[in-house]
Amino acid sequence: MPEVEPLSSMGGEGRLELRQIGVSFGGVAAVRDVSLVFRPHVITGLVGPNGAGKTTLLNAISGFASVERGTIELDRSELTKLPAAQRAHYGVVRGFQTVRLLEGETAFDNILVGCERASQPNIFAQLFNLPAQRRSWRRDRGAAAEIAERLGISSVAHRPVAELPFATRRLVELARILVVRPKVLLLDEPAAGLNAHGRRQLTETLQAYHAVSPFTMIVIEHDVDLVRRMCSECVALAQGSVIATGDPGHVLDDPEVRRAYFGDQVHHA
Ligand SMILES: Nc1ncnc2c1ncn2[C@@H]1O[C@H](COP(=O)(O)OP(=O)(O)OP(=O)(O)O)[C@@H](O)[C@H]1O
Ligand SMILES: [Mg+2]
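Its first residue numbered 338, the sequence shown is counted upward by one per residue in the working numbering.
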């Protein structure tokens, strides 16, 4: 019986195209007429003031918010009407908010949970413990070990996550997401709650991983220095609309973006 490969490992580069996306809540527009192309393998920072529609836009892409109008395409496959689970199967994965760590389990087993969600071998193979099931089990353990190694958490992989420092736990969460080999990774304020050292560790680890195993990534982040360091493209939203796109330096210095972000204050970061 053939093993079921996660669709995220299937062809296509991870080009994401949004055309005229609109999302409303009770008649109030949270995202208005947003058209954007996210190029394969590029890390794009999504910035804008509170309530700009950043989270709503990511939710529209991942399928956690339904769009009122517009289309979403990944490598020319239309995702617009697909439920979130199916989009995840196509490789569009949202990080950090969907799953919590299993506190009593080791870091390694927490990473394995990501594999289980991704591969889900054929139910008959599971029932009868056919070779496919054993192969998939070995493959998952290998993948989990490799991710732990690459994210620098191998030495704590055997420890229950409840014992680990906050910043290390964040890396375990990241490992659990990356182990599914996302084609498009959506992160909503991944460094929130971390101190300066933790933020740097997380972003440098993520960048190093991405440099070797690239994927398309959209990251919402309020820390503009982090956006400048990590992202090669940037999109600014205000009141649900795109107000600037392009190089992060260019976007973050744009007068309209600065007005929207910092109000009347002229803030030199
Ligand atoms: N589930 C919801 N029901 C009703 N209104 C919502 C819902 N989610 C978001 N909104 C509204 O949509 C608008 C955009 O919110 P969103 O959370 O997308 O902004 P954001 O840019 O992520 O802000 P923040 O930086 O504070 O996280 C806001 O006016 C918000 O109040
Ligand atoms: Mg938000």
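Note that the Cβ used here is the ideal one computed from N, Cα and C, for glycine as well.
Taking 4 residues as the shortest admissible run, the region 478–515 contains the following complete alpha helix (DSSP H) segments, listed from N- to C-terminal end: 503–515. A residue is listed when its beta-carbon falls short of 5 Å from at least one non-hydrogen atom of ligand 1; in chain order these are F362, A367, N387, G388, A389, G390, K391, T392, T393. Cβ neighbours of I448 within its own chain (closer than 8 Å, five residues either side excluded): A481, I484, A485, A494, V509, A512, R513, V516. Short note on D562: C-beta not closer than 7 Å to any heavy atom of ligand 2.
Three or more Cβ pairs closer than 8 Å define a contact, and the region 436–445 falls short of that threshold against the region 390–410. DSSP lists V556, C571 as the beta-bridge partner residues of G382. For F362, the secondary structure class from DSSP, reduced to helix, strand or coil, is strand. In this structure, V579 sits away from V588, with a CB-CB distance that is not shorter than 8 Å.
The beta carbon of A581 lies closer than 6 Å to those of A573, V588, D591, V594 in the same chain, with the five residues before and after it left out. With a threshold of 7 Å, the Cβ atom of I557 counts as near ligand 2, since some heavy atom of the ligand is closer than that. Membership of L394 in the alpha helix (DSSP H) is indicated by the continuous run 391–399.
Nearest C-alpha to Q576 among V498, P386, V374, I380: P386.
DSSP places A367 in the strand class (E or B) of the three-state scheme.
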